[in-house]
Amino acid sequence: MSDPFIQAQLLQNRRQFFGKGAKGLTAAALASMLNRDAFGYEKPATPLPAPKARRMIYLFQSGAPSQQDLFDYKPKLQEHFGEELSKHVSVTQRKTGMTANQRSFPLAGTKYKFTKSGQAGTEISELLPHISGIADEICLIRSMYTEAINHDPAITFFQTGSQIPGRPSMGSWMSYGLGSVNKDLPDFVAMVSRGTGRPNCQPLYDRLWGSGFLPTKHAGTKFMSVGDPVLYLSNPSGFSAKARRKMLDDLAELNEKKLAEFADPEIDTRIQQYELAYRMQTSVPELTDISDEPESILAMYGPDVKKRGSYAYNCLMARRLAERDVRFVQLFHMGWDQHFNLPRQLTGQCRDVDQPSAALIKDLKMRGLLDDTLVVWGGEFGRTAYCQGKLTRGNYGRDHHPRCFSLWAAGGGIKPGTTFGQTDDLSYNIVDSNGAPIDAHPTKYHKEAVHVHDLHATLLHQLGVDHSKLTYRFQGRQFRLTDVHGHIVKDILS
Amino acid sequence: MRKFLPLLLLVSPLFAEQAEEQISYNKHIRPILSENCFYCHGQDPKTREADVALHLAEFAYKDNDGSTPIIPHNAKDSEVILRIFDEDDPMPPADSNRSLSAKEKELIKKWIEQGAKYEDHWSFVPPVKPDVPTDEHPVDHFIKATLSANELAPAPKADLPTLARRASLALTGLQPTPAQLDQLISHGSYEKFVDELLASDAYAERMSLHWLDASRYADTDGYQNDGGRSNWPWRDWVIKAYRENMPFDQFTIEQIAGDMLPNATPLQKLASAFNRNHRQNNEGGALAAEFYVENVVDRVETTSAVWLGLTTGCARCHDHKYDPISQREFFQLFSYFNNIGEKGTGAGPKSDPIMHIGSPLTKRPAKLQAKLDEATERLAKARATLPERLKSWVAAHQKIETESDWYPVRLRKAEIPHKQSHLEKLPDDSYLFHGDKVKATSYKLSLHTGKKVITGLRIDALPHGTLKAPNKLSRAENGNFVLTNTTIGYHSKRGQRKLHPVKIARVVATHEQSGYPASAVIDDDKKSGWAINGIGQKKASLFLIFEKPIVPENNDDVRITLEFGSDFPGHQIGRFRVLLTQKEQPSTKGDEAIPPHVFAALKANDQKVLAAYHEKIDPILMDAIAHEKDVQKHLTKAGFGRVPVMVMREKKGKPMPAYLLNRGQYDEPVKDDPLPRGVIAKLLPEGAKHPKDRLEFAKWLVSRENPITARVVVNRMWQRLFGIGLVNTPEDFGLQGELPSHPELLDWLAVEFIESGWDIKKMYRLLATSHAFTQSSKSNSLLNEKDPKNRLLARGPRYRMDGFALRDMALHASGLLYPKLGGRPVKPYQPKGLWETLAANAGTRYIESKGKDLYRKSMYSYWKRAVNPPLQLIFDAGGREVCNVRQNVTNTSLQALALMNEKTFLEASRKLAERMIREGGDAPLAHGYRLAKGHDPDPETLAILQRNNDTFQKHFADAPKEADEFLTIGESERDDSIDLIKLAAHAATAHLILNLDEVITLE
């Protein structure tokens, strides 16, 4: 056993194992571990100097919340209630198979009141009183647009920059590009909650937080709402932490013996990964144990906060993860697909998310975390100005509309208390500040229209990454989250 | 002590050795130009800058406004050299995110000075078999040459037990059993052992698993609804093909175009399901035209990646930036695959073309087959004799003079609440009840009135072959039913919620059992009802005459509820139909109620209408159909059924036209230029004709003229054994792909493969018996530095097994593995909530399999695209959304957690412990290690295991309750004859063994 490589490895391992305090990895060990993982392959881009945000929390509203009823007030829709869409605008947007054969496309004005909130007087729906209350913290973008018109391609596009599955998700790009800060928790955590407005809705899929062609270690770790928060985290019954430690010690000894004999660096990595697994067995339960939260904080997030798997619980978890410097936390709240019975469903959906979303912003701010935590709230596309199905004053529904929708962001260097972009009187087309329609298309950049690629570019920029330089070579090509597009939306940055 | 360098900084010296001598375009220059220049100066004219192109000599040598990019033998005047060395205005431009190193610039300069000779891309030139000396293993001949060029030498041969395990893991995904190992040691022939492995079913399964990944095979449709499908008979076809060592050319032709072979057999048609394993969109708003294009594109991309090793997908939207594939050629390829008359959207099992077929691996037991034969024959006979019966039926019915007062209606819905059972619609618009010994239930029916005024409603209870004698009107023991209540209501306007109740004036029945009068169906007593015992296999009719007619405003919606609330199980009407009348005083005789149009046809003697109607109501035929269906259902239940499989079926007649799609968009076809079918021109010899259809295309793929397929396929075989391919971009043999580490070896293997008659087993035998594969896999710091990825093979392969194998190996060690071949997918243990939290339907549940099905090989686990089996996801499996031919091996903490705490692994520890104690004699730990690893432990390892076992013996002796808990994981029974503490301690040691790096690693 005179091989210097092996000697170095063993020394390192012994330091870690036999001085097994709560110290975690040394910087040197970490560096060598990361190097070895990358092992002759890709080297991520170097971060830009002095990034504005250190981490991101993405509150994804799956199914597409209706902008006309929540963020983009259109009195003209109410004024011309029931009139044909084609009377008011040239109808060029393709329709989904659900309304393509509809005989009539009557305009559906919202039944909700909007109030001007905050110093900027941002108009927000009465369905979202708490979010209205943080109007001075957020930047509301009303000129988002995307390309896909059905959920699966659209949400895949939003998460990965491509409608076709197989690309890495936003969070795994971040993990790949920025590496981890917390050594005892995953870089990227995804959490899912079911909407009460529409419990039977379009589903989610593992690929939305998957790593695509990036190494699996960059994939989001989904926190479960039943059983172990992280799959296979707990020791089986009858096998105590003491037994586990004993087993891992013997395992390390045998694996080190193997390493000495075979000199395969993978063995060393394996030893480290078992230790990280062991640390996670402590760090995750600590994270999810909310008994240390004062009642005042819990109350802020609303009545569902103690219910595991609820949006409120996930928001609190997001804050706890942010405190622990987990890079990227993404919540998925299901059920925002209001084709029919919009008022009844939307009421439930808004009740689920309004208070907790606002609480998260306030809570982060109180702790001084909002400055370097980027928070984004929004869905995969917008909804139609016209009604799907039968239109009455009290009840209506809206189909998918990719051409414009609203989304808000806060913290992490985003200009607070502002709005950006606008749509025409029907929220059908994006228009510029003079009211002229913008022919929004990724190849025809316009600074007042925000394509999904532009949003991605901007978010990465805030985190200190040049989106055009964060690449990974696969199938003979350098791939990016933003494909060959993406412009930073400078006007929303402070 | 030598300074330890971070491995990342070390560059593999593979291709550096010749740099100082002759510069090769393919080896040295093209990779540089391709990476840095071709994007703007390559073959895509749309992105070409300054009209300068460097990808072909004819462009590069051309004078361009007084400057010439490349002048052979004259570097100093070549524009390229001027620009790449220009510090003020360099190429590539500063903002391009690309740059050349000093060494790269020098190489380009030297290449131009040497004459700037261009070469065709290596993989587009047909492979030539280099000579090899006869006294050397051909693989090792090439490996050794490269090793000595790099001043390295091969490692010594590994010992026989190590080798046996290595070959067994690589070829079968399982460790050898102690019996297999003993046998090997007794005859001593490794070659013989490899032959035995190749002859095993486990080999066929292992190879099929790799193929399933490449074929994006899954048990669900993907996209948002992700409903189930049943393409698994195709999976079994693949197993069968590997088992029989089907030559790869035939394997290819049948999968690409089995449906088009002359007199195609059912199995050849089944093979074509390869190209229907793509996702299928069933989302409500999905547009068929859009997803038809997506499906066909997926076929082109998958076929290209699997056979041609080319990423044609890039050419969907624009000419390929690097490879010679134009957008036009992409859509010419597209046109081989677009002609099956598919719709593009809809649920997979209903998306034509489909075929119904069972597993080609399972032979039906003679008894079941005889039953099916009998049923099929009876059905055929019933059909054959139909015309005779039609004749007598017409003769009898033409005597009827007056039209019936009643006409049968087609229901809009017929449902049973809570889905406890269901109603099947039969061809004659009657409904058959399915449900076993069901107690109280109700039928919810609805129909649209049309504009007709309705005065009464009639329910006919009808006999059926599957109902019980003597009455044959229900599934109860005596075939009797009790209809306890009937309510009728209607919506006067669609969308209105209020239901107007219909009051019944009078109830009459054609037959009443004493104590069960018809009138009981409208009384307030929920238990009393109408029954018909003693009727004797005849129709029973119930007439409900309304107090006031329903006068519809416009196609009103009538809702009928039939309640069966009695205490007798099975007493529901087994088969029924609903009839209406407009007569004020309709007949209540229970006539046959021939529909008006049939009555007219009888009068007019319109044989066509009569035959069509009669076929639907003929009782003999109906019974034969039902009987055949029953037998099929029984077969399905026993695992021998036929299921719908999505296959290819070339449309007859004029082929579907194909157009170039602008930007790849489905709705932007260039209609004025229909494209002829054609393959990538660069892959065809000069002047050769393009394959005319999919069948010719398939044959071309595996023809001697095709330069690329054999290389791509042998490279994947190499990857399977060595963990990494000779070309480490198995999906990309194009210009941006990696160059082969051993080009001559790859070519030799490719030609050998073709010349062997595409003999897959022969190739695996060849690779597995090479020294490269059989040498020791011990590394050292020199090799870790010089060749970290073991591309040069100065040591044997060493890599972690995939998640499928890890689970299988644990089951195998413990004796739990249920080695059944093929069949329906199974659902092993899975943590709660995985499907439930993501599913569209809040009520979705993952229902685990039972008994032995919990322990099938992992390749049979139900593959849901939206939520992959979690173990496989954690251990790097591809998601099966799209084709995957790459083998990723990562090393993460989530993997450690899975091996530590996943139920199957823990249960396997317990069962392995039982085997250790029962079979291991006085060396239970050595036996356990042997079962898990495949050979004996060394003394030092054994000593640590012993110490571990002693510790846990003490640990559990102090905590017997913990021992008991630890031993209750999993569904299998515990061997209670073994002392609890002893078993728990051994289970703990077994658990340790199953986590060892050397146990989860091929070495």
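Respectively, the protein sequence lines represent chains R and Y.
By the count of our numbering, the first sequence reaches residue 1209 at its end, each step adding exactly one.
By the count of our numbering, the second sequence reaches residue 1466 at its end, each step adding exactly one.
Just so you know, even glycine gets a beta-carbon here, dropped at the ideal spot from N, CA and C.
Listed in chain order, the positions of the segment 797–812 of chain R with a beta carbon within less than 7 angstroms of a beta carbon of chain Y are Thr811, Gly812. A straight-line Cα-Cα distance of about 33 angstroms links Ala778 of chain Y and Arg669 of chain Y. Neighbourhood of Gln988 of chain R in chain Y, by CB distance below 8 angstroms: Asn1354, Thr1355, Ser1356, Gln1358, Ala1359, in chain order. For the set R:Leu929, R:Leu1079, R:Gly1136, the Cα lying nearest the Cα of Gly1150 of chain R is the one of R:Gly1136. Nearest to Pro964 of chain Y by C-alpha distance, out of Y:Val970, Y:His954, Y:Ile606, Y:Thr973, is Y:His954.
Across the set Y:Lys1117, Y:Phe1006, Y:Lys1290, Y:Ala677, the C-alpha of Y:Phe1006 shows the shortest separation from the C-alpha of Val1041 of chain Y. Contact with chain R is absent for Lys620 of chain Y, since none of that chain's Cβ atoms lies less than 7 angstroms from the residue's Cβ. For the pair Gly821 of chain Y and Arg1105 of chain Y, the Cα-to-Cα distance works out to about 4 angstroms. Boundaries of the alpha helix (DSSP H) harbouring Trp700 of chain Y: 695–706, taken from the DSSP string. For secondary structure counted as the beta strand (DSSP E) over 3 or more consecutive residues, the segment 769–805 of chain R holds these complete runs in sequence order: 770–776. Judged by DSSP in its simplified three-state form, Val1167 of chain R adopts helix.
Taking the CA atoms as reference points, Leu893 of chain R sits about 13 angstroms from Leu1174 of chain R. Taking one beta carbon from each stretch, the segment 1342–1362 of chain Y and the segment 1423–1442 of chain Y have fewer than 3 pairs nearer than 8 angstroms; the two do not touch.
At a cut-off of 7 angstroms, the C-beta of Ala967 of chain R has no neighbouring C-beta in chain Y. Taking all protein chains in view, the Cβ of His1060 of chain Y is surrounded by fewer than 16 other Cβ atoms within 10 Å, so the residue is classified as exposed. Only those residues of the segment 940–958 of chain R whose C-beta falls short of 9 angstroms from the nearest C-beta of chain Y are listed: Ser940, Val941, Gly942, Asp943, Val945, Leu946, Tyr947, Leu948, Ser949, Asn950, Pro951, Ser952, Gly953, Phe954, Ser955, Lys957, Ala958. When C-alpha distances from Arg852 of chain Y are compared across Y:Lys1079, Y:Lys1117, Y:Arg1126, Y:Asn489, the shortest belongs to Y:Lys1079.
Residue Y:Gly772 holds the alpha-carbon nearest to the alpha-carbon of Leu1164 of chain Y among Y:Asp782, Y:Leu1246, Y:Gly772.
Using a Cβ-Cβ distance cut-off of 8 angstroms, the segment 624–643 of chain Y and the segment 655–674 of chain Y are in contact, since at least three pairs of beta carbons, one from each stretch, lie closer than that value.
Boundaries of the alpha helix (DSSP H) around Lys854 of chain Y: 849–860. Taking each of Y:Gly1141, Y:Ala1386, Y:Lys1114 in turn and checking the Cα distance to Ile803 of chain Y, the smallest one comes out for Y:Lys1114. Cys854 of chain R carries a strand assignment under DSSP once its states are collapsed to helix, strand and coil.
Between Thr1138 of chain R and His1116 of chain R, the CB-CB gap reaches or exceeds 7 angstroms.
For the C-beta of Phe1429 of chain Y, the chain R residues within less than 9 angstroms are, from N- to C-terminus, Pro951, Ser952, Gly953, Phe954, Ala958. Nearest C-alpha to His1202 of chain R among R:His1182, R:Tyr1187, R:Pro821, R:Ala779: R:His1182. About 4 angstroms separates the CB atoms of Ser586 of chain Y and Phe1196 of chain Y; that is less than 8 angstroms, so the two are in contact. For Gly1186 of chain Y, the closest Cβ of chain R is not nearer than 7 angstroms.
Close partners of His845 of chain R in chain Y (Cβ separation under 7 angstroms) are lacking, with about 25 angstroms as the shortest Cβ gap. For Gln1190 of chain R, at least one C-beta of chain Y is nearer than 7 angstroms to its own C-beta.
Within chain Y, not a single residue places a beta-carbon under 8 angstroms from that of Thr1107 of chain R; the smallest gap is close to 10 angstroms. Assignment of Gln1358 of chain Y by DSSP, reduced to helix, strand and coil, places it in the helix class.
Pairing Glu569 of chain Y with Ala1172 of chain R, the inter-Cα distance amounts to about 36 angstroms. Below the 7 angstroms Cβ cutoff, chain Y contributes no neighbours of Val1091 of chain R, its closest Cβ being approximately 21 angstroms away.
Within its own chain, the residues whose Cβ lies closer than 7 angstroms to the Cβ of Pro601 of chain Y, once the five positions on either side in sequence are excluded, are Val595, Trp1211, listed in chain order.
Between Pro710 of chain Y and chain R, the shortest Cβ-Cβ separation is not below 7 angstroms.
With a threshold of 16 other beta carbon atoms within 10 Å, Cys1065 of chain R meets it and is buried.
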